[in-house]
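Residue numbers (my numbering): 417 to 606.
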């Protein structure tokens, strides 16, 4: 987990160093795009009570919708699959839809910090395919958590987003996860 954080931090610093030379925009005229669509990669690590039952599975892709509100708030919706490995070496796959709300704080132009809350809908599935077939052994549940993001505007059409989320399912005490996400979003509406 520490190596993943070090890698994500190195990537963000590298892009910030290169990208800061590309920005000739005036801060007063800078604005995030109104709407962006993106793709991402997510890796989940069990924590707390989940350590007794699950181990980290392989990472997975996600599809993201980002809505920036006046350079102060970011609302996003993402969907994708997550795979965890049980202690008996059996894979458990979940489909989840994640709703995030973040307050944006400018660290320096063009790097922003986002801090907020997330809610999610999580359902166990048999395989990673759409349409999914529900796994009857697992209950569908709502989850809640907190997140922190680094958002870097590469240019007016391209945004890099990295985040760490700590969340848990609310139906039982068996799903406590820390998610590491990295993604890129393209502007749809300026």
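Beta carbons: idealized from backbone N, C-alpha and C, even for Gly.
Item: Alpha-carbon spacing of residue 564 relative to residue 506, whole angstroms; Value: 31 Å
Item: Environment of residue 458 [buried if 16+ CB atoms lie within 10 Å]; Value: buried
Item: 6 Å Cβ shell around residue 463 - same chain, five flanking residues per side excluded; Value: 592 and 594
Item: Burial state of residue 575, where buried means 16 or more other Cβ atoms lie within 10 Å; Value: buried
Item: Those residues which DSSP pairs with residue 456 across a bridge; Value: 478 and 599
Item: Nearest neighbour of residue 559, chosen from 582, 520 and 468 [CA to CA]; Value: 582
Item: Of the listed residues 542, 449, 545 and 586, nearest to residue 485 (C-alpha basis); Value: 449
Item: Complete beta strand (DSSP E) runs within the stretch 500–581 (minimum length 3 residues, chain order); Value: 507–524, 527–541 and 557–571
Item: Simplified DSSP assignment, three categories, for residue 484; Value: strand
Item: Neighbour-count burial assignment, residue 538, 16 or more Cβ in a 10 Å radius; Value: buried
Item: Residue 588 burial status per 10 Å Cβ neighbour count (16 or more: buried); Value: exposed
Item: CB contact flag (residue 604, residue 453, <8 Å); Value: yes
Item: Close-in-space but distant-in-sequence residues of the same chain around residue 528 (CB under 6 Å, 5 per side omitted); Value: 520, 522 and 567
Item: Three-way DSSP call (helix, strand, coil) for residue 465 in this model; Value: helix
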